[in-house]
Amino acid sequence: MTEGKAGRGIGTKVAVAIGIVAVLGAGGWFGFAAWSRAKVRAEVDQAFAGIRAAGSKASFTDAGFDPTDRAVTVSGIAIASADGTAAVKIARLVARGSEKPIDRRVTLEALDLDGVEVTLTGDAAQGGTVSYSLPQVMIDRYNGPMTLIAAGEGGGAYGALRVALRQLAATTAAKVTIPEARVRMAPAGAPPMEATYTNLAAEGINAGAIRSLIIDRSTAAYVLPGAAPADGQGTPAKFNLRIEGLVAAQIDTAPLLLMTQPGGPAGKAADAYGRIYGKVVTGPYVISQEGGATQGGASMLMENFAIRPSAFDAGRLAKFQALVTKPPANPSVEDSRRAAELLRDTIGGLSFSTIAVTEAYTTDKGETGHVGLIRMDGLANGVLDGFVLERADGKTTEGGTGKIGRLAVRQLDFNQLAALAAEAQSPSPTTALVLFRVISGLDIKNLEVPYGEGDAKDEPVKIGNLSLSWGGSLGVLPSYVDFALTDVSGPIRPEDGEPFTYLINAGMKRATVSLGAKAFYDVNESSLTLAPITTEVKDAFRVTIETKLSDVPQSAFSDAGSFVNELPAIGAGPVTVTLTDLGLAKLMYAQFAKAAGMSEADYREQVLSLAEAFAAEMEEGMPEMAPVGAAMVSFLRNPGTLKVTAKPKGFVPLIALASSGDPTVLLETFTFEATATAP
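774 is the number of the first residue of the sequence shown in the working numbering; add one for each residue after it.
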């Protein structure tokens, strides 16, 4: 045999051998595929049998295996609870890259679901129907139970939710993508709510926690329970909601799962706040009412939102829903008390560090409103640390405008507010004192509102700053109060009286007023200081009063009754009154001189002569008042600042002094000092 023939012979044999291997391989491959399809169907049959053994209904139409992709396909899936109140349908399930199940858990490269439909009825749907439709669901690197719905307790308002949360708690996935999700909620006897979510993407799913969630767009159509029709008649108008973009981070469903436990949440974790969202941010949103108002904003922010699971058990939820959807037409005192307590407990079950809305607006029948920022900070145990509203403005259909630069409320206590609401129908004499506990302070800056009267109806009333705060822990009454109302300006008219008539006569059309008052209780001295108490009219005058009350016991602040009972034992302290001329004296001299047909200088001399004569009579009849008379003459001669101080000679009962109509009592019990300084 020649070398060439030998080579061709070896080549032929190799080729034939390769051909035989290929044929055998192909036959074996397709044989394996057929075996795999049978094996897969048997495994799926076994899994569905396990679901049925647990009491649920479960079926599928076909199951197969594609060895090229290591893909298992199951179609026509239908699973329902034993009582039929919860049902899931999946047109097609494709699991790719499957590994061998371990402890009845499966690991997949990818899990795709087509035509997912979930339907809930009964208690879980408030006696109606709730349906979810997800045309497509794509899951990357899935690891979870072999069954689609984890076996567990069902029934009740939270039954279906509990099963879903148990499934999520047993699942990990790198990413879940849902191009579209549709929800329809139709409670019994109430209009339905429909919502659509576009392009959902969740990443980092691990044992009930989700690292991030993104939704491109959310829309909803709904009718608020008990909402009045936009036109005042007929059926309530529908609302439409649209949110462009939502990003949520650090999501944890464990508190929700605890909330759904049969018999209600229990244990220490049930009474502690469990964070659900670390942060949620949205893009622009719009809420429009058919035939009514439209509201919207540029963005919303929520940080560290948490719930106390025990505050949201199924029984309490049912009571709250009944209160919202069907409030009593004529609530009794007991109804009001229960409603207030229920609202208190619901708010007490919520916690967050921040909720904010930017560039919020509303339009309704020609009226518009805008708020640059709405922000709430630090809600926990029913107490909100602060509420802020900034850059607000609005316009009425008549053209009137209003503005608020900033509104801030400090320490809003919903527990005390609930107590106040519970007594609304039968208030006691001390009910209003609860207001001291509802908030601890209020600030308003740069407020403008329409005047709304006469020729000056288009002239706004402006408030530069309103600040009010109080506090103390001695009792119901606060032990300190700080009030300031500055730069309040508005149009003035003759009927406003003095001193505004002098300003009007001088050609002024507006006046600016400022008020202030402070009070502080000193525990060590048992004294209550009231200082300064200030009244100022710009370009006119300023009056400041400073005084102190002595022998004030702590028990006086327990409640209003205690304060009244302690009044006879409280003593009057020194009083200082300071009058500063800011231009009113010159206006009065000029206007009175003109009315008398005299020069201002001559009129001033006439006034001084009368004042000096009065001071001389005062010195002769009441020598202790001589310093006051002399200071008064000096002030009238060159108006600047007049300061008068009265000091008690000993203990002077406040009640006795206030109830005495005899001015000589004041002279007998006080000494007087006075000074006048030039401007």
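Backbone N, C-alpha and C define an ideal beta-carbon position, used for all residues, glycine too. Every value quoted in this text rests on a predicted model; they were computed, and no experiment measured them.
Given a threshold of 16 other Cβ atoms within 10 Å of its Cβ, counted over all protein chains shown, does Arg-825 qualify as buried or as exposed?
Result: exposed.
Can you tell me the Cβ-Cβ gap for Gly-1051 and Ala-1022, rounded? I've got them flagged as a contact below 8 Å.
Correct: roughly 5 Å between the Cβ atoms.
My parser needs the beta strand (DSSP E) runs of 3 or more residues fully inside the stretch 828-860; what are they?
Runs found: 830-832, 835-839 and 844-853.
If we ignore side chains and look at the alpha-carbon of each, how far apart do Lys-1092 and Leu-1074 end up?
Cα-Cα distance, rounded: 29 Å.
Can you look up Ser-1083 in the DSSP assignment and give me helix, strand or coil?
Helix, per DSSP.
Report the partner residues of Glu-1484 according to the DSSP bridge assignment.
The structure shown does not extend to residue 1484, since the chain is modelled only from 774 through 1452, so no value can be given for it.
So for Ile-1120, helix, strand or coil by DSSP?
The answer is helix: DSSP assigns Ile-1120 an H, G or I state.
To the nearest angstrom, report how far apart Ser-1287 and Leu-1239 are at their CA atoms.
Distance between the alpha carbons of Ser-1287 and Leu-1239: 10 Å.
Run through the DSSP bridge pairs and tell me what Ile-756 is partnered with.
What the structure shows of the chain is the stretch from 774 to 1452, and residue 756 is not part of that stretch, so it cannot be assessed.
Are three or more beta carbon pairs between the stretch 1444-1451 and the stretch 1412-1425 nearer than 8 Å?
Yes, since at least three Cβ pairs between the stretch 1444-1451 and the stretch 1412-1425 fall closer than 8 Å, the two stretches touch.
If you draw a straight line from the alpha carbon of Leu-1123 to that of Ile-988, how long is it in whole angstroms?
Answer to the nearest angstrom: the Cα atoms are 24 Å apart.
If Lys-1168 and Glu-1140 are in contact, beta carbons under 8 Å, what's the gap, nearest whole angstrom?
Going by Cβ atoms, the distance from Lys-1168 to Glu-1140 rounds to 7 Å, so yes, they are a contact pair.
If we ignore side chains and look at the alpha-carbon of each, how far apart do Pro-1223 and Leu-1215 end up?
Rounded to the nearest angstrom, the two C-alpha atoms are 22 Å apart.
Could I get the ranges of all uninterrupted beta strand (DSSP E) runs contained in the stretch 1151-1181, with 3 residues as the minimum, in chain order?
Runs of the beta strand (DSSP E) inside the stretch 1151-1181: 1156-1168.
Using a Cβ-Cβ cut-off of 6 Å (strictly less than) and excluding sequence neighbours within five positions of Arg-1110, which residues of its own chain qualify?
Closer than 6 Å at Cβ, skipping near neighbours: Ala-1195.
Taking Ala-1374 as part of the beta strand (DSSP E), name the residues at either end of that continuous run.
Not the beta strand (DSSP E): Ala-1374 falls in the alpha helix (DSSP H), residues 1373-1394.
For Arg-1164, which residues from the same chain have a beta carbon less than 6 Å from its beta carbon, with the 5 sequence-adjacent residues on both sides left out?
The residues are Gly-1145.
Pop quiz: Pro-1412 and Ala-1358 are said to be a contact at Cβ under 8 Å. What is the actual Cβ separation, rounded to whole angstroms?
Contact holds; Cβ gap of about 4 Å.
Could you spell out the range, first to last residue, of the alpha helix (DSSP H) harbouring Asn-1103?
First-last for Asn-1103: undefined, no H or E at that position.
Rounded to a whole number of angstroms, what is the C-alpha to C-alpha distance between Arg-1089 and Thr-858?
Near 22 Å, if we compare the C-alpha coordinates of Thr-858 and Arg-1089.
Measuring CA to CA, which of Ser-829, Ile-983 and Thr-969 is closest to Ile-992?
It is worth fixing the name first, because residue 992 is Thr in this sequence and not Ile. Ranking the options by Cα distance to Thr-992, first place goes to Thr-969.
Is Pro-918 helix, strand or coil by DSSP?
It is a strand residue.
So, under 8 Å CB-CB, Ser-1299 and Val-1325 are touching, yes? Tell me the CB distance rounded to an integer number of Å.
Their Cβ separation, rounded to whole angstroms, is 5 Å, which keeps Ser-1299 and Val-1325 in contact under 8 Å.
Give a yes or no on whether the minimum CB-CB distance between Tyr-1050 and chain D is below 7 Å.
Absent here is chain D; the protein component of the structure consists of one chain.
Just checking, does the stretch 955-974 make contact with the stretch 932-946 on the three C-beta pairs under 8 Å criterion?
Result no; under three Cβ-Cβ pairs closer than 8 Å.
Determine the burial state of Gly-1334: buried for a count of at least 16 other Cβ atoms within 10 Å of its Cβ, exposed for fewer.
By the 10 Å Cβ count, Gly-1334 comes out exposed.
Can you round the beta-carbon distance between Pro-1038 and Leu-1029 to whole angstroms, since I take them to be within the 8 Å contact cut?
Their Cβ separation, rounded to whole angstroms, is 10 Å, which puts Pro-1038 and Leu-1029 out of contact at 8 Å.
Need the endpoints of the beta strand (DSSP E) that Met-1361 sits in, please.
Not the beta strand (DSSP E): Met-1361 falls in the alpha helix (DSSP H), residues 1357-1369.
Could you give the distance in angstroms between the alpha-carbon of Thr-834 and the alpha-carbon of Asp-887?
If you take the alpha carbons of Thr-834 and Asp-887, they lie about 15 Å apart.
Thinking C-beta only, is Leu-986 closer than 7 Å to Ala-994?
Their beta carbons are not under 7 Å apart, which means Ala-994 does not touch Leu-986 by this criterion.
Name, in chain order, the residues that DSSP records as bridge partners for Asp-1137.
Asp-1137 pairs with Glu-1140.
Quick one: Cα of Met-1361 to Cα of Pro-1452, how far?
Computed Cα separation, rounded: 17 Å.
Would you mind reading off the limits of the alpha helix (DSSP H) that contains Gln-1189?
Run containing Gln-1189: 1187-1195, per the alpha helix (DSSP H) assignment.
Tell me the DSSP secondary structure of Ile-824 in three-state form.
Helix.
Quickly, what does DSSP pair Thr-1281 with across the bridge? List them, please.
Checking the sequence shown, residue 1281 turns out to be Met, not Thr. For Met-1281, which the question treats as bridged, DSSP gives no partner whatsoever.
Suppose the cutoff is 6 Å on Cβ atoms and the five residues either side in sequence are ignored; what does the same chain contact list for Ile-912 look like?
Leu-884, Ala-946 and Val-949, listed in sequence order.
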